[in-house]
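Peer 1: Below are the structure tokens for one structure; questions will follow.
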Amino acid sequence: MTFFNNTTVSVLRLELEDSYDDYGELNGEYTTVAEYPCDLQGISPAESMKEYGEILKDTYKIYLQDDADIRPTDRLKIDDTIYSIIGTPTPSNHLLPVSHLKLNIKKERGG
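This is the structure in structure tokens:
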């Protein structure tokens, strides 16, 4: 798999505080913990049907370096747009000298 970096992704991780909100949830906020160059690609309707059984809008896949520290609970920021990760980041090695990490992401709604 050859990929070409066409944008930069910021990894946002939830930093919890020792206080609770009005609903009993721990307070916290997402802070930027890393930035990586990546290859952002749209997911075609055919890929979406095969992977999820339905056509999803605002869903993409990104490829980036295999040693990127990204967790399934992180949020990603690309060009001032926030995305959530669908599933688990998947390491890949296609018998090439370059291995990579693949993530499926979905644009967050609202604010």
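Each number in the working numbering corresponds to the 1-based position in the sequence shown with 5 added. Ideal Cβ placement from N, Cα and C applies to all residues, glycine included.
Mind listing, in chain order, the continuous beta strand (DSSP E) runs of no fewer than 3 residues lying wholly within the region 47-95?
Peer 2: List check, beta strand (DSSP E) in window: 64-70, 80-83.
Peer 1: So ILE48 packs on THR64, CB below 8 Å; how close in whole Å?
Peer 2: The pair is a contact, with the Cβ atoms about 5 Å apart (cut-off 8 Å).
Peer 1: Confirm, please, whether the CB-CB distance from LYS107 to THR93 is below 8 Å.
Peer 2: For THR93 and LYS107, no; Cβs fall outside 8 Å.
Peer 1: Three-state secondary structure (DSSP) at ASP44?
Peer 2: Note: ASP44 maps to strand in three-state DSSP.
Peer 1: Give the range of the beta strand (DSSP E) segment to which SER15 is assigned.
Peer 2: Segment 12-25, the beta strand (DSSP E) holding SER15.
Peer 1: Could you give the DSSP three-state label for SER97: helix, strand or coil?
Peer 2: It is a strand residue.
Peer 1: Helix, strand or coil for GLY140? Go by DSSP, reduced to three states.
Peer 2: Look at the range of the chain in this structure, 6 to 116, and you will see that residue 140 is not part of it.
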